[in-house]
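Numbering (our numbering), first residue to last: 1 to 245.
Presented below is the structure to which this report refers.
In structure tokens form, the structure reads like this:
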């Protein structure tokens, strides 16, 4: 039986809803103590933390943090003295023509989706080096490899995340720290609220599995990746129902 001293610890960003919430639930079910962050929905995150603590008897600390800001990331990591798993899930989308996009909008997408990985990984690495072990899982997108019209900034940020993942994996492999990414297809989350029902149905028809993915499916893959044999590192693992596989 695990005790508070022996339980592993995971920090999951963007955990108030969708993939992040499902990932928090999956790690809690498996006995991990958690630090969870979100930017806006702090009440939902606090409710989730309370539920996970009472259901699974784990420690769960909810924190409001903009992971695209260096000072917020430093504050999120300040309670930690050790860390086994980091899941970089915080992200945002932008739908629109590049010609209509402002510089502020461009920089915001890059900050939330890519700068956040830099800040969080930089903070996590010393904690993992102490144990000569750890796993970093970045939540990416098929658009990071394929590119999507009307989502140029988002595609660029996820393409950057993929390259970041592969490069950092090589850097940390000698220290027994894994770095992998999960490239998601169309998952049934609030990020797709900008799409009309007709657009979603059109997307569904292009997917061989004939449905959108479920957050819980992505969460299970994230957990399996985080706990995979240490020889698996630097991988971009796609979960898309056969869409771009």
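Glycine included, C-beta positions come from ideal geometry on N, C-alpha and C.
query                                                                                                                                                                           : result
Comparing alpha-carbon positions, which option in 163, 46 and 27 lies nearest residue 56?                                                                                       : 27
Between the beta-carbon of residue 15 and the beta-carbon of residue 7, is there less than 7 Å?                                                                                 : no
Determine the contact status of residue 23 and residue 183, defining contact as a CB-CB distance below 7 Å.                                                                     : no
For the 8 Å Cβ check, are there 3 or more pairs between the stretch 108-127 and the stretch 82-96?                                                                              : yes
Quick one: residues in its chain with C-beta nearer than 6 Å to the C-beta of residue 62, no 5 flanking neighbours on either side, listed in chain order?                       : 36, 45, 46 and 49
According to the neighbour-count rule (16 or more other Cβ atoms, all chains shown, within 10 Å of its Cβ), is residue 223 buried or exposed?                                   : buried
Can you have a look at residue 1 and say buried or exposed, based on whether 16 or more other CB atoms are within 10 angstroms of its CB?                                       : No answer about residue 1 holds up, because its pLDDT of 48 lies below 50 and its placement is not dependable.
Taking only three categories from DSSP, how would you classify residue 245?                                                                                                     : coil
Sort 60, 64 and 150 by Cα distance to residue 38 and report the nearest one.                                                                                                    : 64
DSSP three-state call for residue 168: helix, strand or coil?                                                                                                                   : helix
Which runs of the beta strand (DSSP E) fall wholly inside the stretch 139-163 and span at least 3 residues, in chain order?                                                     : none
Per DSSP, what kind of secondary structure is residue 210 in: helix, strand or coil?                                                                                            : coil
If residue 89 and residue 13 are in contact, beta carbons under 8 Å, what's the gap, nearest whole angstrom?                                                                    : 5 Å
Based on the DSSP secondary-structure assignment, which residues constitute the bridge partners of residue 37?                                                                  : 63
Looking at C-alpha atoms only, which residue of 154, 180 and 200 is the closest neighbour of residue 166?                                                                       : 180
Taking 7 Å as the limit between beta carbons, can you name the residues of its chain near residue 115, skipping five residues before and five after?                            : 68
Excluding the 5 residues preceding and the 5 following residue 169 in the sequence, name in chain order all residues of the same chain whose CB lies nearer than 6 Å to its CB. : 179, 233 and 234
Whose C-alpha, out of 171, 77 and 215, is nearest the C-alpha of residue 192?                                                                                                   : 215
Hey, residue 113 and residue 41: beta-carbon distance below 7 Å or not?                                                                                                         : no
Would the beta-carbon of residue 144 fall within 7 Å of that of residue 134?                                                                                                    : no
Could you tell me if residue 111 is buried or exposed, where buried requires 16 or more neighbouring beta carbons within 10 angstroms of its beta carbon?                       : buried
Buried or exposed: residue 150, going by 16 or more other Cβ atoms within 10 Å of its Cβ?                                                                                       : exposed
Looking at C-alpha atoms only, which residue of 107, 119, 102 and 59 is the closest neighbour of residue 75?                                                                    : 119
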